[in-house]
Amino acid sequence: MTMPLEFVTLPCLSDNYAFLLHNAETGRTALVDAPEADAIKTELERRGWGLDQILLTHHHWDHIDGVADLRAAYNPQIIGASADAHRLPDLDVAVAEGDTFDCLGENVGVLDVSGHTVGHIAFHFPSSAAVFTADSLMALGCGRLFEGHPDQMWQSMQKLAALPAGTTVYSGHEYTQSNARFALTIEPGNPALQNRAAAIDAARAEARPTVPSLLQEELDTNPFLRAHLDSVKAALGMADAPAAEVFAEIRTRKDRF
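Numbering of the sequence shown is given in our numbering, commencing with residue 1 and proceeding in unit increments.
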């Protein structure tokens, strides 16, 4: 029986996360996003791992800045979105929605989750019940819409919401505590959200990461996945509005929060 992949959540910069993936049978290692090289190199050396692949979600500097140094040190295969290839580091493999590729022996699916940027992708590892979403779906939030529009981001959220509820969501930043404070302004009476916010406060008081999270948790508490619910529409005074409009209102409120 094949051993499951090992996933390591690695803090980088001030509030970013990178993720190391390791196959203990083959000794091969992959990385999702490269905010900086030094922290990643240090962890690889501490564990005695090489680096065979880098998976890039989108072009923002705080997700790709370490690629050049890591490429020079390890010569990994670089995988990213064909739609973003003109502003990513040079890609060895360019992928798009619906494509699959091999990562450490697991078949990985590609989802276009544009909104935060156009060309942002997520990587779904169905056998490991994991999805790497970076700045699309985040723990109790979603990325600010720098390039896309609300309808586009709502569709991206719907794609991710449709994954199995037991999927673990690996997102790109430690924003969860402030996201929880905002979410409580939308659904102050949601018991699951109240409990999650308290757990987040406790985790951060001990400097523990709040990423990853379970998709079921996000479905129960994340306002950006709940814009279709009658209770959320009513709370915003938008009972008859389409879900995408409700999502846009929530995103606008978050931008001002």
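Note that the Cβ used here is the ideal one computed from N, Cα and C, for glycine as well.
With residue i as the anchor, note down where its beta strand (DSSP E) starts and where it stops.
i, result
"Ala81", "77-81"
"His116", "Careful: His116 lies outside any beta strand (DSSP E) and carries neither H nor E."
"Ser171", "168-171"
I think residue i touches residue j, with their Cβ atoms under 8 Å apart; what is that distance to the nearest whole Å?
i, j, result
"Ala30", "Leu70", "Contact flag wrong, Cβ pair sits at about 12 Å."
"Leu160", "Thr133", "6 Å"
"Arg92", "Gln77", "It is worth fixing the name first, because residue 92 is Asp in this sequence and not Arg. Contact flag correct, Cβ pair sits at about 5 Å."
"Val131", "Leu163", "6 Å"
"Ala139", "Ser213", "5 Å"
What residues in its chain sit with their C-beta under 6 Å from that of residue i, if we drop five residues either side in the sequence?
i, result
"Phe182", "Lys254, Phe257"
"Val8", "Leu20"
"Phe125", "Glu106, Val108"
"Arg196", "Thr221"
"Gly166", "Ala129"
"Cys142", "Phe224"
"Arg204", "Gln177"
"Ala239", "Lys233"
Apart from the five residues on each side of it in sequence, which residues of its chain come closer than 7 Å, Cβ to Cβ, to residue i?
i, result
"Ala198", "none"
"Glu36", "Cys12, Leu13, Asp65, Gly66"
"Ser156", "Val113, Ser114, Gly115, Ser136"
For residue i, count neighbouring C-beta atoms within 10 Å of its own C-beta (all shown protein chains included) and say buried if the count is 16 or more, exposed if not.
i, result
"Pro4", "exposed"
"Ser231", "exposed"
"Gly189", "exposed"
"Gly48", "exposed"
How far does the alpha helix (DSSP H) with residue i in it reach, from first residue to last?
i, result
"Val67", "67-74"
"Arg28", "It is not in any alpha helix (DSSP H) - Arg28 instead sits in the beta strand (DSSP E) that spans 28-32."
"Glu245", "243-256"
"Leu13", "Run containing Leu13: none; DSSP gives neither H nor E here."
"His63", "61-64"
"Val211", "Run containing Val211: none; DSSP gives neither H nor E here."
If we cut at 8 Å on Cβ distances, does residue i have a partner in chain D?
i, result
"Pro76", "The displayed structure is made up of one protein chain only, and chain D is not part of it."
Based on DSSP bridge pairs, tell me the residues matched to residue i.
i, result
"Asn23", "Arg28"
Output needed for residue i: all residues of its chain with C-beta closer than 8 Å, excluding positions within five of it in sequence on either side, in chain order.
i, result
"Ala34", "Ala18, Ile40, Ile54, Leu56, His63, Ile64, Asp65, Gly66, Val67, Leu70"
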